[in-house]
Each structure stands twice: as structure tokens, then as C-alpha cells.
Amino acid sequence: MLISNYEDMVIRMPDQISEEVIEEVRKTNDIVDVIGEYIQLKKQGRNYFGLCPFHGEKTPSFSVTQEKQIFHCFGCGKGGNVLTFIMEMEQYTFYEALRLLADKSGVDLPDMNHKQQSSVSQENQSILSASEWVTKLYHHLLRYTKDGKEGYQYLKDRGITDETIDIFQMGFAPNVKDFTAEFLQKKGFHQQILVKAGLLSLNEDNSITDRFRGRVVFPIRNHLGKTIAFGGRTISDQEPKYLNSPESDLFQKGKILYNFDLSKRYIRKQSEAVLFEGYMDVITAYQAGVKNAVATLGTSLTEAQARLLRRYVDTVIICYDADEAGTEAAYKAAVLLQKAGSHVKIANMQDDRDPDDFIREFGAEAFQDQVIKSSLPFTSFYMKYLKKDYNLSLEGDRIQYIEKLLEYLATIESPVEREYYLKEIGDSYNVSMDSLKQEILTNREKMGLSKDKINKNSYTNKTSEHGYTKKLLPAFHNAERQLLAYMLQDVSITDKVQEEIGASFNIEEHKVIATHLYAFYEEHQQADVSMFVEMLTDDRLKRLVTDIAMMPLHDNISNDEINDYIRNIRAENSNMRDIQSLKEEQKLAEQQNDPIKAAKIAMQIIEHQRQWKSIN
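Residue numbers for the sequence shown follow full-length UniProt numbering, so the first one is 1 and each next one is one higher.
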């Protein structure tokens, strides 16, 4: 059904927020900068491309145009402007997305009560508020009171500076049974919610105690910098040594990374992330100048965390403990990261050391130069890692070891990289390059990789691979899409089309878009795809408009070309009218009980459609 009323597509915001304010927020938040905080974008021609954050993929199909201030994924179809992106990415309401972007760009929004419009439940809002109070409380106790002195001394003994303590908002929970409980109760929080959040513990006798009492406390923040959980490290003989908040709607430790909120801008800047195993490793590394540091939260790396890193960066350096357990964990993490499409290196940590100990013993400069900058390519690490399974003094084990290595090397796409490691194997074990290459070729044929392939993860795919030609559409359909694309960027073309054919497009969605566009230009008098998208309430239309707006166009289209598109659309209109007329005649013949005439008309319809199809 054609939507003819322009008001039907306008997002109704409360009177206190004017359209001018919304536009100011949108225009002061460049879409490339905002989306670049969530995924790694690389420029290709006029647009930027990256891995879509809304569906899993290894080949980038997510496009952002700075000129038009819109995004579109040619894989899953999502599209819109900067506000749409934040709403999709954060699962925010319109107002929440507007507030986040307004805060980023310093635009003042009117004070409004938007509890009913919040995407976060009332209970979770209480948990976030309580967590923020507890963060401030524990940090203040650690830094400025006698109650936090032993926690402060513990961090000082480990070489942590006051500046670092403040950056990470580290704190100390006094070893008092109900210190936190009483503090939060006075702030008006219900104990039931605090127990559910893991700030308090419910004992078997139904008494309440502080969960982290007697521990140095590390706030765990989400990517927006909001405290959603805590980690506590004992400074006595308490068990366990480390204690996290329980999982909840807000805190799922397999989906977030410690310090991601602070490190993500350094990750983007350095095009590398350094992955550690724990809080203290990250904190000491950050203090030592490795600011692109993140860590898992007491568990092995998960697929979700691997995909998160891949969205932001190509290369991940794994810096785990150098003992047997750390090496095994590094291998498993590397496999997951490679599966997600990352280039993996392994930090050069030796002698069973851990990162924290190395930094304290040898200093920041040595850590950066000897450990991080001297990281091993995954293949070199794997060659060493694999040796643990074989006794290389035995001939049979040596052969099995080499065969296992060759199976892995066969998966490497770069012929140069393969040959480099084949030469190393040949020199180390006195095997000819010819026999090694033959084995690689055999393995690649078995894997269906006999021909060297171009790296599928490159950002240099041609435009057609991003969806512009993925469907073979009828000529009139393409004409309508092309015409709408030019209309979205040129008011004068839209005026001409409105005068020539109005809303007489053949595709129903195209009729709706054209109708809305005529109304939009009547009010705003200038092309602005991002603003136009904001005025649409139908998500399907938003996606279609951004898809069309991303189509490659000529800079200076001639009047003749526009006329060709219009003629094509009119011709299809005429064809459809002819067919409709024949169908009405057929129906009348059937009603008059004349099956022979109805059959003849049916044959005319089929022939008409065949001829039309042959010329289109």
C-alpha cells in the first residue's frame, strides 16, 4: 500500500527535542569516526569498508560513505545513518542513541524523563548505578583512607603508580562483613538486586556479606566505559585467589575483554592488539606503554572475543605466561583468532616468566623491545609448540613431526612464506626442497588448494563483489533503482521525475520512496540522504534506501540518460496496463462462459509477456 502522507514516516520525538537539535547531533558526529570506534574501516575509492558487526563474515561487505553519511551492509542488508547504527549496535532506543552521540559531540539535549524509552530494564539500571557507586567508594578507600591502606600498599609493592590506580579506578573492599551492604542500603538500593548483581553474597543462614571484602578490586567496564562487574584479588590467604562477579544480563565474561574501553583507540592507532590472561598483566603492560592491551576474564579466549578483536584489528599478539599451561592456552587462542581471520603473533616470553614479573624485573623498555616487538609469527611458534609431542632423537618421530608440519604449511596461501619455512625444515633435518615441495603440493591437492588463491580477507574487492550486481534484475527495475539513486542526491532531477511520472514507479517500494522524497524536498529543499533516512520509520525502507544510495553513479549524468530511465519505466507501465487489460478481458470471457475466448486471451497474455521479456 502506497504511503502518501509524509507525516506517517516522520519519527515522532517529544516536543522538547526539535528536529534542528537532532540534526545538529547527527551532523556533529561523522559516521566514519563513530563506526570506526566499533569496527576497523579501510578506505576503498570513495567509501570505507569493514567487517559487518551485525553478522559473521570474513570478507568485508559493510560499506560506509562519508559523503552521504550512511552505511549499508551488502551481506545482511542493514543500513541507515549514524543514529541508526548506534541503535542497532547498542540495542538502544532513539533517545538513548541521541544522548550518547550528543554527549560525544557536546550538544546539549533538554532534560527529559526517558525511563519508559530506556532499552535497559529498571533492575539493570539499578545495578549499573550501584556498581558506579561501589567503584567510587572502593577507589576512594584505597587512595585516601586508612581502611584501604593495605590494598594500596599491595599495589605499590607491585610497582603500580597512583596515576595507573586512578586510570583503572582500582579500589579496596575493607574486610568488614557488611560495609558495602550498609553503604548501598543508605543509597536506597534493595539487597535482593545487589545479591543478584554479585555485589553482596547471600549465606546459607540468609545473612548478607560483602562479596569482595578484604580484596583489591578491579572494576570491569564494558566498551562504553560503564562498570558492569568487578574482579577481586586477595592480598591474604583467602580462596579463591581471584574472584569475579557472577554472570548476568549485563556481564557475560565470554563476550567482553578487560580494558577494551581504554585500549580500543590505541588498538586502532597501532593496528595491533596485545592479548593477556589477566588484570595485572594488562595493568602493568599499560603502565609500561603497551596501551593496546586487553585480557580475558579468567577463562580461555572465546569465539565471540576472537570475532570482537577481528572487527577492530588485523593483527593480535598473544602474550601469555611462558609456562606449559600458558603455551597451551596461547596455541588454543591462536587457533580461534586465525579462524576469525586475524593474523596472529606470539610474544617472545621465555624462561617460564609471566608478563607482570618480566616488567617488574627488567622494565618497560625491555618488555616492549624483547617481548612485544620480538613477537614470533604463529608458524614459528607452532614449529616449537609441536615439538613437545615428539622425541626428535628418534628417526620415526622426526618424520612424523615433519609430516605434521607440512600439513600445516600446506594451508598457508603465500608461496613465499611456505618456501621460507620449507627451507628452514630442509636445513634443520637434511631433507631436499624437492621432496618437501612435492609433499606440500600433495597436501594442497587433498585440501582442494592446489592453486594459489588470492587472500579472501583483502579489502580490495571490486565493487561488484559488494552486492551491486549480485542480482540480475529486469531492465525497468534497474532503471528505477538508478533513477532513485540520482534523485537521492539531486533535487533538480527529483523535480523533473515528479513532473514526468510522479509516483508511477512499477515496484511498490520504489513508489513509497519517491513519494516520501518529494515531500522531503518540499520541506528541506536540499539533498541529504542521511537526514532522509532518519525520517523513515520503516526499517525495510531504510535498508532499501541505503542500498540504492550506495550504488556507483556518474558525477555528471546527462539529461538524455535521465530521459532513458523515465522512458524505460513508462514502457513497463504501458506493458503492465496492456497485460492488465487482457486479464480483465479474460475474466469477462470466463464470466460469459466462453472458455475458447478466455483460452485465446490467455495465449495472447503469454505471448505478450514472452515478447516483452525478449526485448528487456
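For glycine and all other residues, C-beta sits at the position ideal for the given N, C-alpha and C.
| Check | Outcome |
| --- | --- |
| Roughly how many whole angstroms lie between the Cα atoms of A527 and L488? | 6 Å |
| Mapping the DSSP letters down to three states, classify P53 as helix, strand or coil. | coil |
| Using the Cα positions of H524 and A549, report the straight-line distance between them to the nearest angstrom. | 18 Å |
| Quick check on I493: does DSSP put it in helix, strand or coil? | helix |
| If we ignore side chains and look at the alpha-carbon of each, how far apart do Q191 and Y152 end up? | 28 Å |
| With C-beta atoms as the reference, is P355 less than 8 Å away from F230? | no |
| Can you grab the Cα-Cα spacing for the pair Y385 / F218, in whole Å? | 33 Å |
| Count the other CB atoms, across all protein chains shown, that sit within 10 Å of the CB of H466; report buried if there are 16 or more and exposed otherwise. | Residue placement at H466 cannot be trusted, given a pLDDT of 48 that sits under 50; what the coordinates show is reported in the next sentence. Under this definition H466 is a buried residue. |
| Mind checking which residues open and close the beta strand (DSSP E) that includes I346? | 343–346 |
| Got a sec? Which residues, its chain only, sit under 7 Å from R310 by beta carbon, not counting five neighbours each side? | L51, A340, G341, S342 |
| Give me the Cβ distance between A485 and L536, rounded to the nearest whole Å; I'm assuming they're in contact under 8 Å. | Not a contact, Cβ separation roughly 16 Å. |
| Measuring only the C-alpha atoms, how far is A503 from D33? | 36 Å |
| On a CA-only basis, which of T84, S61, V21 is nearest Q40? Give me that one, please. | S61 |
| If we call anything under 8 Å between Cβ atoms a contact, is I562 one with I513? | no |
| Does the region 366–374 come close enough to the region 400–420 that 3 or more CB-CB pairs lie under 8 Å? | no |
| Once you ignore the five residues that flank G77 on each side, which residues in its own chain have a CB closer than 6 Å to its CB? | R543 |
| Measure the alpha-carbon distance for I454 versus V416 and round it to whole angstroms. | Low per-residue confidence applies at I454: pLDDT is 42, beneath 50, and the placement is therefore not dependable enough to give any value. |
| Excluding the 5 residues preceding and the 5 following N348 in the sequence, name in chain order all residues of the same chain whose CB lies nearer than 7 Å to its CB. | Q370, V371, S374, S375, L376 |
| Under a Cβ-count criterion, where at least 16 other Cβ atoms within 10 Å of its own Cβ denotes burial, should K583 be classed as buried or exposed? | exposed |
| DSSP on Y38, reduced to helix/strand/coil? | coil |
| Using alpha carbons as the reference points, say which of G363, D157, D351, T296 lies closest to G254. | T296 |
| Sorry if obvious, but does the Cβ on E499 come closer than 7 Å to a heavy atom of the ligand PLP? | Looking at this structure, you won't find the ligand PLP or any other ligand, since it has none at all. |
| Using a 10 Å radius around the Cβ and a threshold of 16 neighbouring Cβ atoms, would you call T284 buried or exposed? | buried |
| Considering only their Cβ atoms, is the gap separating Y38 from V64 smaller than 8 Å? | no |
| Would you give the residue range spanned by the alpha helix (DSSP H) that H516 belongs to? | 508–524 |
| Going by DSSP, what residues sit across from L275 in a beta bridge? | V294, I318 |
| Roughly how many angstroms lie between the CA atoms of V290 and I569, to the nearest whole one? | 60 Å |
| So, using beta-carbon positions, are L83 and E361 closer together than 8 Å? | no |
| Which first and last residues belong to the alpha helix (DSSP H) in which A333 is found? | 324–339 |
| Rounded to the nearest angstrom, what separates I31 and E182 at their Cα positions? | 45 Å |
| Figure out for me which residue from K156, P174, L243, T227 has the closest Cα to the Cα of H140. | P174 |
| For T546 and I70, which I take to be in contact (beta-carbon distance under 8 Å), what is that distance rounded to the nearest angstrom? | 5 Å |
| Identify the residues that DSSP records as bridge partners of residue 660: which are they? | Residue 660 lies beyond the range of the chain shown here (1 to 616); nothing can be said about it. |
| Can you tell me whether L392 is buried or exposed, with buried defined as 16 or more other CB within 10 angstroms of its CB? | exposed |
| Identify every run of the beta strand (DSSP E) within the region 61–127, keeping only runs that are complete inside it and at least 3 residues long; order them along the chain. | 62–65, 70–73 |
| Terminal residues of the continuous beta strand (DSSP E) containing V216? | 215–221 |
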